[in-house]
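2 protein chains.
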Amino acid sequence: MNVIQSIDPSTGRAVDDVATATTPKELDAVVERATAASVPYEAGGRPLRAAVLRAVADGLEARRPEIVALAMRETALPEARLGGELTRTVYQARLFAEVVEDGGFLEATIDHAGETPMGAGPDLRRMLVPLGPVAVFGASNFPLAFSVPGGDTVSALAAGCPVVVKAHDSHPALSRLVFETMVAAIAAAGGPDGLLGLVFGREAGTALVAHPDIKAVGFTGSLTGGRALLDIVNARPDPIPFYGELAGLNPVVVTEGAARARHSEIAAGLVASVTGSAGQLCTKPGLVLVPAGEAGNALVSEAARLIDQASAATLLGSRIATAYEAGTEELRHRAGGMAAAEGGAPSGSGFSVTPRLFEIDSETLQDEPVGECFGPAAVVVRYAPGRAEAVLRSLPASLTGTIHAEADETETVRRLTGVLRPLAGRLLYNGFPTGVLVSWAQHHGGPWPSTNSLHTSVGPYAVRRFLRPVTWQNAPQEVLPEELRDGFAGIPRRVDGRLTAPD
Amino acid sequence: MNVIQSIDPSTGRAVDDVATATTPKELDAVVERATAASVPYEAGGRPLRAAVLRAVADGLEARRPEIVALAMRETALPEARLGGELTRTVYQARLFAEVVEDGGFLEATIDHAGETPMGAGPDLRRMLVPLGPVAVFGASNFPLAFSVPGGDTVSALAAGCPVVVKAHDSHPALSRLVFETMVAAIAAAGGPDGLLGLVFGREAGTALVAHPDIKAVGFTGSLTGGRALLDIVNARPDPIPFYGELAGLNPVVVTEGAARARHSEIAAGLVASVTGSAGQLCTKPGLVLVPAGEAGNALVSEAARLIDQASAATLLGSRIATAYEAGTEELRHRAGGMAAAEGGAPSGSGFSVTPRLFEIDSETLQDEPVGECFGPAAVVVRYAPGRAEAVLRSLPASLTGTIHAEADETETVRRLTGVLRPLAGRLLYNGFPTGVLVSWAQHHGGPWPSTNSLHTSVGPYAVRRFLRPVTWQNAPQEVLPEELRDGFAGIPRRVDGRLTAPD
Numbered sequence: 009m010n011v012i013q014s015i016d017p018s019t020g021r022a023v024d025d026v027a028t029a030t031t032p033k034e035l036d037a038v039v040e041r042a043t044a045a046s047v048p049y050e051a052g053g054r055p056l057r058a059a060v061l062r063a064v065a066d067g068l069e070a071r072r073p074e075i076v077a078l079a080m081r082e083t084a085l086p087e088a089r090l091g092g093e094l095t096r097t098v099y100q101a102r103l104f105a106e107v108v109e110d111g112g113f114l115e116a117t118i119d120h121a122g123e124t125p126m127g128a129g130p131d132l133r134r135m136l137v138p139l140g141p142v143a144v145f146g147a148s149n150f151p152l153a154f155s156v157p158g159g160d161t162v163s164a165l166a167a168g169c170p171v172v173v174k175a176h177d178s179h180p181a182l183s184r185l186v187f188e189t190m191v192a193a194i195a196a197a198g199g200p201d202g203l204l205g206l207v208f209g210r211e212a213g214t215a216l217v218a219h220p221d222i223k224a225v226g227f228t229g230s231l232t233g234g235r236a237l238l239d240i241v242n243a244r245p246d247p248i249p250f251y252g253e254l255a256g257l258n259p260v261v262v263t264e265g266a267a268r269a270r271h272s273e274i275a276a277g278l279v280a281s282v283t284g285s286a287g288q289l290c291t292k293p294g295l296v297l298v299p300a301g302e303a304g305n306a307l308v309s310e311a312a313r314l315i316d317q318a319s320a321a322t323l324l325g326s327r328i329a330t331a332y333e334a335g336t337e338e339l340r341h342r343a344g345g346m347a348a349a350e351g352g353a354p355s356g357s358g359f360s361v362t363p364r365l366f367e368i369d370s371e372t373l374q375d376e377p378v379g380e381c382f383g384p385a386a387v388v389v390r391y392a393p394g395r396a397e398a399v400l401r402s403l404p405a406s407l408t409g410t411i412h413a414e415a416d417e418t419e420t421v422r423r424l425t426g427v428l429r430p431l432a433g434r435l436l437y438n439g440f441p442t443g444v445l446v447s448w449a450q451h452h453g454g455p456w457p458s459t460n461s462l463h464t465s466v467g468p469y470a471v472r473r474f475l476r477p478v479t480w481q482n483a484p485q486e487v488l489p490e491e492l493r494d495g496f497a498g499i500p501r502r503v504d505g506r507l508t509a510p511d
Numbered sequence: 009m010n011v012i013q014s015i016d017p018s019t020g021r022a023v024d025d026v027a028t029a030t031t032p033k034e035l036d037a038v039v040e041r042a043t044a045a046s047v048p049y050e051a052g053g054r055p056l057r058a059a060v061l062r063a064v065a066d067g068l069e070a071r072r073p074e075i076v077a078l079a080m081r082e083t084a085l086p087e088a089r090l091g092g093e094l095t096r097t098v099y100q101a102r103l104f105a106e107v108v109e110d111g112g113f114l115e116a117t118i119d120h121a122g123e124t125p126m127g128a129g130p131d132l133r134r135m136l137v138p139l140g141p142v143a144v145f146g147a148s149n150f151p152l153a154f155s156v157p158g159g160d161t162v163s164a165l166a167a168g169c170p171v172v173v174k175a176h177d178s179h180p181a182l183s184r185l186v187f188e189t190m191v192a193a194i195a196a197a198g199g200p201d202g203l204l205g206l207v208f209g210r211e212a213g214t215a216l217v218a219h220p221d222i223k224a225v226g227f228t229g230s231l232t233g234g235r236a237l238l239d240i241v242n243a244r245p246d247p248i249p250f251y252g253e254l255a256g257l258n259p260v261v262v263t264e265g266a267a268r269a270r271h272s273e274i275a276a277g278l279v280a281s282v283t284g285s286a287g288q289l290c291t292k293p294g295l296v297l298v299p300a301g302e303a304g305n306a307l308v309s310e311a312a313r314l315i316d317q318a319s320a321a322t323l324l325g326s327r328i329a330t331a332y333e334a335g336t337e338e339l340r341h342r343a344g345g346m347a348a349a350e351g352g353a354p355s356g357s358g359f360s361v362t363p364r365l366f367e368i369d370s371e372t373l374q375d376e377p378v379g380e381c382f383g384p385a386a387v388v389v390r391y392a393p394g395r396a397e398a399v400l401r402s403l404p405a406s407l408t409g410t411i412h413a414e415a416d417e418t419e420t421v422r423r424l425t426g427v428l429r430p431l432a433g434r435l436l437y438n439g440f441p442t443g444v445l446v447s448w449a450q451h452h453g454g455p456w457p458s459t460n461s462l463h464t465s466v467g468p469y470a471v472r473r474f475l476r477p478v479t480w481q482n483a484p485q486e487v488l489p490e491e492l493r494d495g496f497a498g499i500p501r502r503v504d505g506r507l508t509a510p511d
């Protein structure tokens with residue numbers, strides 16, 4: 009029997025046996041219950057979806073101390089970070105309730121019957137409908153905001169889809185606690201039995217993605233893990249949408265002007281962004297382009313000084329710690345055998361590692377790009393005047409791209425933006441990419457290695473991933489969804505080509 | 009040298025050598041020119057896109073007689089059908105110009121900086137941007153509306169993407185004529201050189217899909233062809249969106265009430281829909297569920313009588329004709345060795361075939377579903393009272409699902425709709441699925457075998473396939489796209505969560 013244990017990252021030791029790996033038979037039962045929940049969940053309409061999301065938010069908030077304490081024990085992340093993550097997770101669920109009530113995401117569209125240049129046209133009414141049960145893979149680095157109660161789950165619930173979560177092995181006890189909290193909240197709000205399911209273990213995860221009744225997958229994690237699941241999806245007789253947020257270098261480029269004006273401030277912000285959450289963020293700035301010359305030297309010296317002073321950090325799990333040591337060894341090799349700076353020595357217990365900064369030559373980088381190194385490490389690349397764009401062009405795409413520049417460098421900023429845009433989903437100016445606000449205008453995604461460049465995994469538009477259009481042609485009013493009937497005015501609709509606001 | 013010949017389907021003989029297959033080197037040059045066109049095309053903004061689309065429409069209209077005549081010669085489709093198709097194609101290009109001007113498709117979204125439950129939030133501005141050069145595969149059965157000047161091409165141009173079309177081998181001369189017409193129109197409208205490219209031959213098609221600078225693919229064709237291209241896409245280091253409209257049975261279900269009230273009318277509509285365009289439509293109703301009993305008998309007899317009277321039809325090409333004969337042989341076998349009806353004998357010349365109707369037992373159908381048979385054939389399945397839903401549930405998904413019912417059968421219609429919705433992109437009531445109006449509320453797609461169930465290939469929303477979101481965080485106004493700047497009011501935008509209509 010395959011036991012799922014809860015490990016304490018600060019000691020590396022198992023604290024608790026949380027569950028046994030879900031068997032194929034158990035998995036089928038969970039998916040069957042989710043599939044059965046589709047019909048009553050949809051029948052409850054948008055009011056039920058909003059009620060479920062608000063109940064989930066309230067339920068999580070009510071158990072805050074217990075949730076944060078268990079999250080700390082399973083991730084070694086600090087209390088303030090996890091408290092903030094719970095706040096964000098609760099806010100996110102409530103925001104999706106508002107999205108459901110707004111109704112714009114349905115893209116309700118009506119074309120009345122009438123003459124067209126092609127002859128008499130029928131009555132056509134189009135709206136987005138739920139895809140069906142969605143598989144969600146919890147991420148290790150956000151045990152709440154990208155895990156059981158995270159953005160994939162609540163956006164799927166907002167879309168009207170039941171969800172089966174594959175718990176991440178690095179926080180199984182928290183996954184179970186949060187799952188039970190949510191199931192109770194869903195039931196109290198009148199949501200159907202089976203609307204949310206939870207499975208444990210790697211085999212259950214791969215079986216879930218291949219299951220014929222699963223209609224989409226949300227995944228946040230490594231490129232290797234995501235690519236393996238995508239290959240399973242592609243081998244299905246009916247490939248389904250796979251939304252993977254996989255990795256990224258998240259390049260930062262500092263202009264000559266910014267280096268001169270703000271070298272200390274930029275160095276401090278950079279190191280905070282690289283070492284926060286022990287560098288275990290998919291938006292961590294992994295590569296920084298700094299101009300050659302004095303101002304750049306000052307920036308790099310200050311960043312090196314801060315990394316030197318940084319304490320050892322405890323990573324989330326043994327696999328991540330092992331990969332970090334291997335990744336920084338590779339970077340050290342690329343950097344000519346030495347680090348530009350290294351922080352405090354590891355504690356020797358659990359998954360403790362040292363923050364590291366490397367400097368790699370721009371020529372060798374262009375010959376062979378470096379990959380993401382998950383954890384508290386970053387690479388500095390110095391560029392000669394006018395050469396930043398050439399270096400950027402050699403990089404793979406990322407979730408983000410950041411420019412530090414001064415107000416009088418507009419032309420440079422415009423040029424750098426032009427080079428970065430094809431390489432990123434979010435462009436930042438004079439900031440750092442860690443910290444992804446949940447809001448309408450957010451985009452968390454980008455070109456490959458995001459597996460689906462058209463969609464975001466954060467913010468209201470994330471709901472779009474779990475919906476597909478259906479058009480009803482000459483349908484009787486009584487079989488149409490409420491939102492497409494004549495006289496309904498509660499949501500934005502496009503009628504005969506014109507966008508109409510709700511009453 | 010691999011010569012691309014223009015074949016006359018009525019004789020099966022080559023009339024003209026149109027081109028040589030595009031070499032790898034030539035292909036690279038075409039894609040390179042398309043890539044280079046991206047920047048000036050985007051710089052021209054929405055006004056240039058709208059101007060290009062209207063110029064294309066005008067250019068095609070101006071050469072109507074020549075285009076229709078050549079289309080007739082290469083497809084053997086009738087003049088009225090091809091004239092209508094050109095009208096639709098021209099209308100479609102003009103509609104996309106309106107979509108570009110409307111600007112709602114950009115999903116412009118602005119969240120101003122301010123306090124949030126998670127602390128101070130930045131200024132975030134999100135908008136959809138073009139993916140980059142798009143590969144479009146022309147379809148044999150719509151030499152205009154789904155080919156060089158078709159919906160994939162004009163929606164990609166509306167999105168701001170250059171297009172490289174792989175000409176379909178069954179109408180190469182028309183592809184070339186239309187391409188040259190469009191290139192001249194684009195140039196006259198101020199569009200950049202290389203915005204539209206054309207390649208010939210199967211190898212060029214597969215190389216196009218694998219080309220690193222191609223960012224999305226639009227395909228209309230067979231399941232086999234689509235799946236092969238999708239496999240190439242999935243093997244790329246950076247898989248790209250593949251939009252394939254591949255096939256479908258397009259089931260029609262006739263209720264007891266409808267059979268009683270309208271058996272002759274339904275039979276006539278059905279046979280017209282099955283035999284129109286020689287049955288070579290992806291929305292052809294390939295499977296009809298008819299109730300057991302007298303009214304159903306009358307419907308089937310009338311349909312059989314009409315098929316018996318139908319003339320032989322000339323198919324588009326030798327591969328389609330061969331597949332039709334094999335497909336109807338398979339159906340004959342499933343039908344117990346005989347057809348329920350067969351039309352006039354083939355002419356003996358070219359790709360002439362006989363329309364056919366088969367009757368297959370509902371039990372054997374549920375054991376092993378039948379596939380699409382492209383061409384003028386359909387299958388009748390009789391169902392016992394209350395058994396229609398069980399038969400429908402055994403079918404694969406399609407582009408459409410159709411219900412014929414009477415006004416007093418609301419409960420039945422609701423139940424059948426519930427069963428059909430997961431199986432189709434468009435639901436029709438008392439009509440036939442052939443004839444896909446280009447309009448805002450249209451949806452042409454569905455669950456697999458449409459390769460991307462979230463998107464339509466017909467109508468304004470088709471533009472969404474070739475766009476991805478980008479968010480600018482704390483960007484200076486002067487590097488933002490015009491549509492995201494303060495004070496711009498020409499398009500719908502969502503500002504601080506509220507949808508605002510244009511001035």
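Chains as they are written, first to last, in our numbering: chain Y, 9 to 511; chain B, 9 to 511. By construction, the Cβ of each residue, glycine as well, lies at the ideal position given by its N, Cα and C atoms.
For E417 of chain B, there is no enclosing beta strand (DSSP E), since its DSSP letter is neither H nor E. For G127 of chain Y, the closest C-alpha among the options B:D511, B:L323, B:V444 is that of B:V444. For a Cβ distance threshold of 7 Å, residue set N242 of chain B lies close to N242 of chain Y, ordered along the chain. When rounded, the separation of the alpha-carbon atoms in L278 of chain B and G256 of chain B is 16 Å. In this structure, the alpha-carbon of R72 of chain Y lies about 8 Å from that of L94 of chain Y. In this chain, the beta strand (DSSP E) harbouring L365 of chain Y covers 364-367. Three or more Cβ pairs closer than 8 Å define a contact, and the stretch 214-222 of chain Y meets that threshold against the stretch 240-255 of chain Y.
T322 of chain Y carries a strand assignment under DSSP once its states are collapsed to helix, strand and coil. If you look at I118 of chain Y, you'll find it in the beta strand (DSSP E) that goes 117-119. Not flagged as an interface residue toward chain Y: S155 of chain B, since no C-beta distance is shorter than 7 Å.
Annotation for L314 of chain B: the continuous alpha helix (DSSP H) segment containing it runs 302-317.
By the beta-carbon neighbour count (other beta carbons within 10 angstroms, threshold 16), S402 of chain B is exposed. Between P489 of chain Y and chain B, the shortest Cβ-Cβ separation is not below 7 Å. Ranking Y:P130, Y:L314, Y:L297 by CA distance to the CA of E371 of chain Y puts Y:L297 first.
Per DSSP, the continuous beta strand (DSSP E) segment holding Q13 of chain Y begins and ends at 11-16.
Per DSSP, reduced to three states, the secondary structure at L435 of chain B is strand. In summary, the residues of the stretch 444-457 of chain B whose CB is separated from some CB of chain Y by less than 9 Å are L445, V446, S447, W448, A449, Q450, H451, H452, G453, G454, P455, W456, P457, in the order they occur in the chain. At least one CB of chain Y lies nearer than 7 Å to the CB of Y437 of chain B.
Secondary structure at G52 of chain B: coil, using DSSP grouped into helix, strand and coil. For A236 of chain B, the enclosing alpha helix (DSSP H) has its first and last residue at 231-243. Chain B has a Cβ within less than 7 Å of the Cβ of Q481 of chain Y.
Straight-line measurement puts the Cα of P141 of chain Y at about 30 Å from the Cα of K292 of chain B. Taking C-alpha positions only, R493 of chain B is separated from D504 of chain B by approximately 14 Å. Among the residues of the stretch 239-268 of chain B, those with a Cβ less than 7 Å away from any Cβ of chain Y are N242, D246, P247, P249, in the order of the chain. Chain-ordered listing is empty here: chain B has no CB closer than 9 Å to the CB of G287 of chain Y, the nearest sitting near 21 Å. P32 of chain B carries a helical assignment under DSSP once its states are collapsed to helix, strand and coil. Contact fails between the stretch 480-499 of chain Y and the stretch 461-468 of chain Y, because fewer than three Cβ pairs, one in each stretch, are under 8 Å apart. Between the beta-carbon of N258 of chain B and that of L435 of chain B there is about 11 Å, and that puts the pair past the 8 Å contact cut. With fewer than 16 other Cβ atoms inside 10 Å of its own Cβ, K33 of chain Y counts as exposed.
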